[in-house]
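Chains as they are written, first to last, in our numbering: chain A, 52 to 400; chain B, 40 to 168. Even for Gly, the Cβ is constructed at its ideal location relative to N, Cα and C.
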């Protein structure tokens, strides 16, 4: 039985802070940081936005784009490392808000930056085994970086939602296959009750990101018998611009093939939404017949690789919800003081 | 707000669910149990509003109620939905970008919370369309 993306939706808060405004506060060199990270600015949530509100807006965009009956959604998985409740699912709030309740299952997932793609795989299993008609997988985060930490320059807010189904005539992209690569690697973590994550510095690179992304990507290409030349686009988890650019080159993908999905330079790292946002930005401009290769990465650590083939249906539904480029346009910039207030780093007495 | 009180109203807050009287063709939000005009002759049915509407009037809050102090200055407005009902809502926009008569659309936002340990309350606010 085929499995694929029936629809997708995204949401990005309108506020941004520039890397130079963060660097100014901590005495860092903004030019060196921006060039090194390949990130110029990042999104910041509004005072009343969190992982739940972003997940709902992305899910509603996905439903609006396909005009489908939300009661057909029989599974919802929301991946995030910033669920607002420690106990009480984000996914049940999303389910109620998109009118998918009550005949359905739901759960929240956490796997650093790849909990959204893990949700896609869970939905694939359910719809492919005919246990569910449609599944909704969401990656949504209002990620945190400690004041002055390297992560503060990239930790952003945003989310993407994917409706996964098993009826080929409904699919905008067929998922040809998926492959995962997972080990116990402590490159990034946040202990229970702690407000900010910790990370292993340079340890996050080779033994974390590159080992797992390459492991999953090569594993999937071996499984399918494909290579970079077989794909029109590629998307990799984007904690910054440097890592996905480097890993794309290592796998033989040109700069042009990753350009449409490389949104991190203007958005920052949306964690669970990161790779899914890149896939959405690529679907926004892909043509029927195009093949897209994608690999999400989550610290801890693991990577999920996917191979997509875009169908004719994409042209019929693409413009029924905002494209990623539209959500990135016309941002409202804020200084560090307002950013600190929006992120709860300073609170009124 | 008690847990049960918000829970009873959450569907109408999440998705602007009110009702419609088939007898007089009037719409209500929040939902009413009986039509105030038709009374016993009323035929009420559940109705989900599109959320499209226009701003009837607004004020800018500088001295906020408890729990909203950190959001000042913010816009509080009366929105008239396409179907007729009016409701009070926070308007997600900079005060200088708001004007009477402007078209608005619904957005899903956090409405408030019951302290650091209590429930988070979500629902509908409006933003310029």
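Counting the other CB atoms within 10 Å of its CB gives residue 254 of chain A a total below 16, which places it among the exposed residues.
DSSP places residue 60 of chain B in the strand class (E or B) of the three-state scheme. Straight across, the Cα-Cα distance linking residue 143 of chain A with residue 70 of chain A is about 35 Å. Residue pairing of residue 83 of chain B in beta bridges, as defined by DSSP: B:60.
Distance from the CA atom of residue 132 of chain B to the CA atom of residue 142 of chain B, rounded to whole angstroms, is 12 Å.
Counting the other Cβ atoms within 10 Å of the Cβ of residue 99 of chain A gives 16 or more, which makes it buried. Rounded to whole angstroms, the separation of the alpha carbons of residue 317 of chain A and residue 259 of chain A is 24 Å. Under DSSP, the beta-bridge partners assigned to residue 152 of chain B are B:159. With distances taken between CA atoms, residue 49 of chain B lies nearest to A:146 out of A:146, A:133, A:156, A:392. Look at residue 159 of chain A here: in three-state DSSP terms it is strand.
Setting aside the 5 residues that flank it on each side, residue 81 of chain A is surrounded in the same chain by 70, 71, 74, each with a C-beta closer than 6 Å to its C-beta; the list follows chain order. About 22 Å separates the Cβ atoms of residue 102 of chain B and residue 118 of chain B, ruling out a contact at the 8 Å cut-off. Here DSSP, grouped into helix, strand and coil, assigns residue 253 of chain A to helix. Put simply, the backbone Cα of residue 63 of chain B is about 34 Å away from that of residue 112 of chain A. Neighbours of residue 108 of chain A in chain B, taken as residues at a C-beta separation under 8 Å, are given in chain order as 146, 147. Secondary structure remark: continuous beta strand (DSSP E) runs of at least 3 residues inside the region 71-153 of chain B, in chain order: 83-87, 92-100, 113-120, 125-130, 142-152. Two segments are said to touch when three or more pairs of C-beta atoms, one from each, lie closer than 8 Å; by this definition the region 224-231 of chain A touches the region 52-64 of chain A.
Excluding five sequence positions before and after residue 208 of chain A, the CB atoms of its chain that fall closer than 6 Å to its own CB belong to 64, 94, 96, 193, given in chain order.
Within chain A, 98, 392, 398, 399 have C-beta atoms less than 8 Å from the C-beta of residue 109 of chain B, given in sequence order. With its beta carbon less than 8 Å from one in chain A, residue 159 of chain B belongs to the interface. Contact between residue 292 of chain A and residue 88 of chain A is confirmed by a C-beta separation of about 6 Å, below the 8 Å threshold.
In this chain, the beta strand (DSSP E) harbouring residue 231 of chain A covers 224-236. DSSP links residue 355 of chain A through a beta bridge to A:231, A:347. The Cβ neighbour count for residue 395 of chain A, taken over all protein chains shown within 10 Å, is under 16; the residue is labelled exposed. If you check each beta-carbon in the region 148-161 of chain A against every beta-carbon of chain B, the ones closer than 8 Å belong to 148, 150.
Between residue 345 of chain A and residue 311 of chain A, the C-beta gap is not smaller than 8 Å, which leaves the two residues out of contact. When A:170, A:221, A:261 are compared, the shortest CA-CA separation from residue 363 of chain A is found for A:221.
For residue 321 of chain A, there is no enclosing beta strand (DSSP E), as DSSP gives it neither H nor E.
Sequence-distant partners of residue 384 of chain A (beyond 5 residues in either direction) whose C-beta falls short of 6 Å from its own C-beta, in its chain, are 67. DSSP places residue 129 of chain A in the strand class (E or B) of the three-state scheme. Of all residues in the region 45-79 of chain B, only 49, 50, 53, 54 come within less than 8 Å of chain A when Cβ atoms are compared, listed by chain position.
Spanning the alpha carbons of residue 136 of chain A and residue 159 of chain B requires a straight line of approximately 9 Å.
Annotation: Cβ neighbours of residue 103 of chain A in chain B (cutoff 7 Å, chain order): 161. Around the beta carbon of residue 121 of chain A, 16 or more other beta carbons lie within 10 angstroms, which makes this residue buried.
Taking C-alpha positions only, residue 107 of chain A is separated from residue 131 of chain A by approximately 13 Å. Contacts between residue 373 of chain A and chain B, judged by CB atoms closer than 8 Å, are missing: the closest CB pair is about 12 Å apart.
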